[in-house]
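Peer 1: Sending over a structure as structure tokens; questions will come in a sec.
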Amino acid sequence: MPELPEVETVRRGLEQHVGGRTVESVQVLHPRAVRRHLAGAPDFEAALAGRSLDAARRRGKYLWLSAGEDGLLAHLGMSGQLLVGEPSRPLSPHVRIRFAFSDGGPDLRFTDQRTFGHMAFVPGGAELPGPIAHIAPDPFEAAYDARTVATRLRARRTGVKRALLDQTLVSGVGNIYADEALWRAGLHWARPTETLNGPEVSRLLAAVRDVLGEALAAGGTSFDALYVNVNGQSGYFDRSLAVYGRENLPCPRCGTPVRRDAFMNRSSYTCPRCQPRPRRAHW
DNA sequence: CTGCACCCCTGTAGGC
DNA sequence: TGCCTACAGGGGTGCA
117 MPELPEVETV RRGLEQHVGG RTVESVQVLH PRAVRRHLAG APDFEAALAG RSLDAARRRG
177 KYLWLSAGED GLLAHLGMSG QLLVGEPSRP LSPHVRIRFA FSDGGPDLRF TDQRTFGHMA
237 FVPGGAELPG PIAHIAPDPF EAAYDARTVA TRLRARRTGV KRALLDQTLV SGVGNIYADE
297 ALWRAGLHWA RPTETLNGPE VSRLLAAVRD VLGEALAAGG TSFDALYVNV NGQSGYFDRS
357 LAVYGRENLP CPRCGTPVRR DAFMNRSSYT CPRCQPRPRR AHW
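FYI, the working numbering numbers position 98 of the first sequence as 214, with every residue one higher than the one before it.
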């Protein structure tokens, strides 16, 4: 479950169901799931055995569990799930890592069909794991400063959607919520960042924060069973999407059919009337 | 600093 | 039924 609202939903579930529990053993079932743990799968398993997991934290789309001064870092990629359930339930074919706990209670399974996600044990990484030091604060962190982001955004020489998706500028925004925020702000994805005026940038950043917050309140967006919380349940923000995935359906604001464009090997959805294409496009 | 091409994977949907 | 292509909420890397 990729973007901030979905990852935050998972973080909350982990905090509730795994926080304060002690890992008994870990099995890495697919080596690719720990490819960023450079010391290898056996080291990953050994490093976590016997460790007590404390708080669950998050920056953007990354989350981690602190274990004393250390951190257990996770990124869900396109299809990763962190599922908590009865240890006796069947092992689904896409389970990549299994964590058993010393209390004999529900286990934790990192499940990932496409294996774009990963986990790593980061010594000393409880506060902010080293591998994600380059990730910018997300809009819900105390360290996030909208004025700084606005300044940096306007200094870019690129298209506004490309900038929104750049996790080193502001983190947590992916393809769905970038399109939704741009629609709310009435901006086209190809708009050159240097042509945005102050009010437009403010409107956009407010829209980003609002849409992420509303989606979080709905438990995230799921179109299918791939995007679920730790209990396997889907969020329902898909009902509130204005443009994403709605090609040819009417814009909720003006009724004009939503348009789909290819962009960065993905799709961008816009209302051609509310988000007019700029004369000088930047993609 | 930037875009861009391409890589990592599996599964599904749709056309033929 | 098979075979093909396009596409899917991710990021990282290397190169121009």
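All C-beta atoms in this analysis are idealised placements derived from N, C-alpha and C, irrespective of residue type, glycine included. Fair warning: this is a prediction, and the values are worked out from it, not measured in the lab.
Whose C-beta lies closer than 8 Å to the C-beta of residue 168 among residues of the same chain, with five residues either side of it excluded?
Peer 2: Within the same chain, residue 168 has close Cβ partners 136, 137, 138, 139, 183, 184.
Peer 1: Count the other C-beta atoms from every protein chain shown that fall within 10 angstroms of the C-beta of residue 390, then say buried if there are 16 or more, exposed otherwise.
Peer 2: It counts as buried.
Peer 1: Taking its Cβ as the centre, do 16 or more other Cβ atoms sit within 10 Å of residue 250, making it buried, or is it exposed?
Peer 2: Exposed is the call here.
Peer 1: Please determine if the region 260-271 and the region 227-240 are in contact, where contact requires at least 3 C-beta pairs separated by less than 8 Å.
Peer 2: With the cut-off at 8 Å, the region 260-271 and the region 227-240 do not touch.
Peer 1: Assign residue 252 to one of three DSSP states: helix, strand, or coil.
Peer 2: Looking at residue 252 - three-state DSSP - the assignment turns out to be coil, as it is neither helix nor strand.
Peer 1: Taking one C-beta from the region 192-209 and one from the region 155-162 each time, how about it: are there three or more such pairs within less than 8 Å?
Peer 2: The region 192-209 vs the region 155-162: no contact.
Peer 1: Run the CB neighbour count on residue 246, radius 10 Å, all protein chains shown included, and call it buried at 16 or more, exposed below.
Peer 2: The residue in question, residue 246, is exposed, as its Cβ has fewer than 16 Cβ neighbours within 10 Å.
Peer 1: My output table needs one value for residue 148: the three-state DSSP class, helix, strand or coil.
Peer 2: Residue 148 falls in the helix class under three-state DSSP.
Peer 1: Under 8 Å Cβ to Cβ from residue 307, same chain only, skipping five residues before and after it: list those, please.
Peer 2: The answer, listed in chain order, is 275, 276, 394, 397, 398.
Peer 1: Return the first residue and the last residue of the alpha helix (DSSP H) that residue 318 is part of.
Peer 2: Per DSSP, residue 318 belongs to the alpha helix (DSSP H) from 314-333.
Peer 1: What does the alpha-carbon distance come out to for the pair residue 124 and residue 334?
Peer 2: Taking the straight line from one Cα to the other gives about 12 Å.
Peer 1: Check the C-beta distance from residue 216 over to residue 141 and give it rounded, since I have them as a contact under 8 Å.
Peer 2: That pair is a contact at about 5 Å.
Peer 1: Run through DSSP, which three-state label would residue 385 get?
Peer 2: Three-state DSSP puts residue 385 in a strand.
Peer 1: Go ahead and pull the three-state DSSP assignment for residue 304.
Peer 2: DSSP places residue 304 in coil when its eight states are reduced to three.
Peer 1: Return the chain-ordered list of same chain residues with a C-beta closer than 6 Å to the C-beta of residue 283, the five sequence neighbours on each side being excluded.
Peer 2: Result list for residue 283: 176, 251, in chain order.
Peer 1: Hey, could you find the ends of the alpha helix (DSSP H) residue 211 is sitting in?
Peer 2: Taken as a continuous stretch (DSSP letters only), residue 211 belongs to no alpha helix (DSSP H), being part of the beta strand (DSSP E) at 211-217.
Peer 1: Could you check what DSSP says for residue 276 in three-state terms: helix, strand or coil?
Peer 2: Three-state result, residue 276: helix.
Peer 1: Short check: CB of residue 121 to CB of residue 293, under 9 Å?
Peer 2: Yes, the pair counts as a contact, with Cβ atoms nearer than the cut-off.
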